[in-house]
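Read through the structure below, which is laid out as structure tokens, and then see the notes.
Residue numbers (our numbering): 6 to 190.
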């Protein structure tokens, strides 16, 4: 393991927690907050580049860990990669073409990856005996990253990425700024 991997794990863990916080905040504002919200408006206006940035860095660090650090992905991680790596291309092309309808083809892939990741997290934290990984291959429950008391792990990185991307798509689709009204009450 490289000497700086511990620092990278901590930094990425911190960024994951921050993305989780902002995802929860965005959804709370969307469903329970005021109609006028600058945070949600910013997400709605810039969701293509935000989605590209989140997916790009998720892919970049996934490849860094597997190709540079030497942490080979397990069977479930490969399935998660299929659904996450495609998001870079989808959001990148959507940003270049200004295609704000990217959610139509991005969200189903994110949802599939999300459910695979939920299963991965379940077996990782709660039911190692249910792991469906090949016994001769990389274990789906191997603890390569264990930051913030075990909360941050590879499956949690993936879940955070999927939730962050799905959140910006939900905000972009459903946030409607309240229009000025000339109605006098």
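Glycine included, C-beta positions come from ideal geometry on N, C-alpha and C.
Check, Outcome
"What is the DSSP secondary structure of residue 41, counted as helix, strand or coil?", "coil"
"On the DSSP letters alone, give me the boundaries of the alpha helix (DSSP H) that residue 178 sits inside.", "159 to 179"
"Using 8 Å as the threshold, is the stretch 111 to 122 in touch with the stretch 83 to 102, meaning 3 or more CB pairs across them?", "yes"
"Suppose only complete runs of 4+ residues qualify. What are the alpha helix (DSSP H) ranges in the stretch 45 to 126, listed by chain order?", "80 to 102"
"Check each candidate in 51, 40, 128, 163 and name the one with the smallest Cα separation from residue 17.", "163"
"Measure the beta-carbon distance from residue 119 to residue 57 and round it to whole angstroms, keeping in mind my assumption that it falls under 8 Å.", "19 Å between Cβ atoms; not a contact."
"Is it true that the CB of residue 51 sits closer than 8 Å to the CB of residue 85?", "no"
"Can residue 108 and residue 53 be called in contact, C-beta distance under 8 Å?", "no"
"Between the stretch 71 to 79 and the stretch 40 to 51, do at least 3 Cβ pairs fall closer than 8 Å?", "no"
"In angstroms with no decimal places, state the Cα-to-Cα distance between residue 65 and residue 19.", "17 Å"
"For residue 123, which option in 103, 110, 101, 165 has the closest C-alpha, if you only look at C-alpha atoms?", "165"
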